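These protein sequence lines are chains A and B, in that order. Taking this note's numbering, the leading residue of the first sequence gets 309, the next gets one more, and so forth. Taking this note's numbering, the leading residue of the second sequence gets 340, the next gets one more, and so forth. C-beta: ideal position from N, C-alpha, C; glycine also. Remember, it's a predicted structure, so these values are computed and weren't measured experimentally. The block underneath contains the structure these notes are about, expressed in C-alpha cells.
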Amino acid sequence: AQSVTQLGSHVSVSEGALVLLRCNYSSSVPPYLFWYVQYPNQGLQLLLKYTSAATLVKGINGFEAEFKKSETSFHLTKPSAHMSDAAEYFCAVKRGSSNTGKLIFGQGTTLQVKP
Amino acid sequence: EPEVTQTPSHQVTQMGQEVILRCVPISNHLYFYWYRQILGQKVEFLVSFYNNEISEKSEIFDDQFSVERPDGSNFTLKIRSTKLEDSAMYFCASSEEGEETQYFGPGTRLLVL
Chain A
309 AQSVTQLGSH VSVSEGALVL LRCNYSSSVP PYLFWYVQYP NQGLQLLLKY
359 TSAATLVKGI NGFEAEFKKS ETSFHLTKPS AHMSDAAEYF CAVKRGSSNT
409 GKLIFGQGTT LQVKP
Chain B
340 EPEVTQTPSH QVTQMGQEVI LRCVPISNHL YFYWYRQILG QKVEFLVSFY
390 NNEISEKSEI FDDQFSVERP DGSNFTLKIR STKLEDSAMY FCASSEEGEE
440 TQYFGPGTRL LVL
C-alpha cells in the first residue's frame, strides 16, 4: 500500500528565507511523486512531479524537489520565499506508469510567509 | 491554457436530497477522477473513470455515489441521498493518455444540512 506523510502541518518563514516542506512516502513499487499547491479558494495546481527520470526536479515559481530513494523522501524547497508563496502544499504519490492510478495525498502543509 | 471547470462552486442541500456535481474536463483528456476533501482532512480519492466505465473506486464510493459522462464534455458525480458527513470540497481531475499528471478543477464546496 502507498502512503504519504508530510511533516509539519504549518510552516512559517520570513520573506526571503529558505522554504523546506517535508514529504516522506511509502510505496511497494517505484512511485510517481507530485507536489501540488492550493491557493485560497482555488483548486490544486501542479508544482512539479517526479516520474523516474532526474532525481532533482524543478517546478514552477522557483520550487524544486529531490527524490531520495534511500530516505523515501521528496522534500520541496525554494531558496527564497515570496509573500505570494503563502498557500497550502500537498505531496502526493501515485502507482507508477498507470494512467488510471489514484493519487494518494499527504495531509498538507500550510506555508505562512512573514514580511 | 485549458483547464478543468466545475459547477456549482458552492452547493447547500438538505440531508437526504440528491445532488449532482458537474465537471468539464480538459477537452482531449480521457481519464477522469473525483476526489474530496473534508474540512481539515486529506484530499481523498473517490473514483476514476475511463472509456465510459469506472476504473477504480475507493471504499468511500458506495452505492450512494455514481458517476456519468452524459455527453462528450461533462463528467458528473451524483450523490443519491446526501448525509451530513458528505459535506466536503469535491474536486474533479482529468488526465490525458500516457500522461501521469492529473489536472484539478477549482472544486465544489458541498454543505449538507
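Quick one: which chain B residues come within Cβ less than 7 Å of residue i?
{"i": "residue 371/A", "result": "The premise fails here: residue 371/A is roughly 15 Å from chain B at the closest Cβ pair, so nothing lies under 7 Å."}
{"i": "residue 359/A", "result": "439"}
Work out the CA separation of residue j and residue i for me, nearest whole Å.
{"i": "residue 403/B", "j": "residue 422/B", "result": "10 Å"}
{"i": "residue 356/A", "j": "residue 365/B", "result": "19 Å"}
{"i": "residue 349/A", "j": "residue 396/A", "result": "11 Å"}
{"i": "residue 431/B", "j": "residue 445/B", "result": "8 Å"}
{"i": "residue 372/A", "j": "residue 360/A", "result": "15 Å"}
{"i": "residue 311/A", "j": "residue 414/A", "result": "8 Å"}
{"i": "residue 356/B", "j": "residue 347/B", "result": "16 Å"}
{"i": "residue 387/B", "j": "residue 325/A", "result": "39 Å"}
{"i": "residue 367/A", "j": "residue 436/B", "result": "22 Å"}
From the DSSP output, read off the bridge partner residues of residue i.
{"i": "residue 402/A", "result": "340/A and 411/A"}
{"i": "residue 390/A", "result": "The partner list for residue 390/A (beta bridge, DSSP) is empty, contrary to what the question assumes."}
{"i": "residue 372/A", "result": "366/A and 385/A"}
Using a Cβ cut-off of 8 Å, pull out every chain B residue sitting near residue i, in sequence order please.
{"i": "residue 415/A", "result": "380 and 381"}
{"i": "residue 340/A", "result": "439"}
With DSSP run on the structure shown, which of helix, strand or coil describes residue i?
{"i": "residue 424/B", "result": "helix"}
{"i": "residue 365/B", "result": "coil"}
{"i": "residue 377/B", "result": "coil"}
{"i": "residue 399/B", "result": "coil"}
{"i": "residue 390/B", "result": "coil"}
Please compile the residues from chain A whose C-beta is within a distance smaller than 7 Å of the C-beta of residue i.
{"i": "residue 445/B", "result": "350 and 351"}
{"i": "residue 366/B", "result": "Chain A residues near residue 366/B: none, gap ~17 Å exceeds 7 Å."}
So with CB distances below 9 Å, who are the chain B contacts of residue i?
{"i": "residue 411/A", "result": "372, 374, 382, 384, 432 and 441"}
{"i": "residue 402/A", "result": "439 and 441"}
I'd like to know if the segment 413 to 428 of chain B and the segment 365 to 383 of chain B are in contact, where contact means that at least 3 CB-CB pairs between them fall below 8 Å. yes
Three CB pairs or more closer than 8 Å across the segment 324 to 344 of chain A and the segment 342 to 355 of chain B: no
Hey, is the segment 404 to 421 of chain B in contact with the segment 385 to 401 of chain A, meaning 3+ C-beta pairs nearer than 8 Å? no
Does the contact criterion of 3 or more C-beta pairs under 8 Å hold for the segment 315 to 328 of chain A versus the segment 412 to 423 of chain A? Three or more beta-carbon pairs separated by less than 8 Å link the segment 315 to 328 of chain A to the segment 412 to 423 of chain A, which places the two stretches in contact.
Would the segment 346 to 365 of chain B and the segment 329 to 340 of chain A be scored as touching if the rule is three or more Cβ pairs under 8 Å? no
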